[in-house]
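Below: one structure, written as structure tokens.
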Amino acid sequence: MTASFTGSGVVVTGGGGGIGAVLARRFAAEGARVVVGDLNGDAAAEVAKEIGGTAVAGDAASEAGVASLIEAARETLGEIDVFCANAGIAPMGGVDAPEEDWARIWDVNVMAHVRAARLLLPPWLERGRGHFISTVSAAGLLTSLGSASYSVTKHGALAFAEWLSATYRHRGLTVQAICPQGVRTAMLENTGPAGELLMGASAIQPEQVADALFEAIAADRFLVLPHPEVADYYAARATQTDRWLGGMNKLQRKVEQVIGE
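Counting from 673, one number per residue, gives the positions in the sequence shown under the working numbering.
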């Protein structure tokens, strides 16, 4: 199976840098017309200029922000064929993180997807096709030591993507969830020594994430695993849960030793 994106209308949130910028470039290289959305308008404009796309500055998390982005994209593209819900944040912290931090990450990492789908689904279902791509992270399949809110919300993003596919696949909706481990972006840098310890050795470049996505598109595969070993970890989590949790706790203790040094 091969997919052609020539002339397709594609929206990428968080497209000003990292994985989002690479996805925008890759879709443009495949012949798509791309709208680059980002909270950082200058970053979005820079990527859009590079690929001949259109930049839309704004918050892709709030209800009004999502509506504004999709309205602007439709004015530019006519139809949105592919929506990449890529914007995400990863504040560190556990249960003691402030309420406002939990609310913000829930808006960005989960509700932004729900709010976009709410607006995208009616025309997609009417014409019998649409493509929703969620940048989830392996944290959605496993967990994220050091950030309770990231782990919880990425599980939520994966659950929503699964629900979309299960509910609308027979009506022409293609849904995919990108689930990498460490990727060499600003987000990984911001995790500090703990993140480098956990993910540094296996961290990949954003371009490898795009390669994995397009391979999964060709194979019509829901899970996009730029780190193939995540499939084994995911299986162990499901079938050997206590052993898997013990292993994760061992890693946690190692992290605490590093942070304490």
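Every residue, glycine too, gets a C-beta built ideally from N, C-alpha and C.
- Note: residue 755 is bridge-paired with 683, 804 in the DSSP secondary-structure output.
- Per DSSP, the unbroken alpha helix (DSSP H) holding residue 694 starts and ends at 690–701.
- When only Cα atoms are considered, residue 737 and residue 915 end up about 43 Å apart.
- Taking C-beta separations shorter than 8 Å and ignoring five residues to either side along the sequence, the partners of residue 856 in its chain run 875, 876, 877, 878, following chain order.
- In the displayed model, residue 740 falls within a helix according to three-state DSSP.
- For the pair of segments examined, the stretch 795–806 was found not to touch the stretch 814–826: the number of CB pairs separated by less than 8 Å stays below three.
- Nearest C-alpha to residue 692 among 719, 840, 926: 719.
- Sorting 767, 885, 730 by C-alpha distance to the C-alpha of residue 896 places 885 at the top.
- If you ignore the 5 residues before and after residue 906, its C-beta comes within less than 6 Å of the C-beta of 813, all in its own chain and listed in chain order.
- Between the alpha carbons of residue 689 and residue 715 lies a gap of roughly 7 Å.
- Going by beta carbons, residue 847 and residue 756 fall outside the 7 Å limit.
- For a cut-off of 8 Å, the C-beta gap from residue 821 to residue 769 is around 6 Å, short enough to register as a contact.
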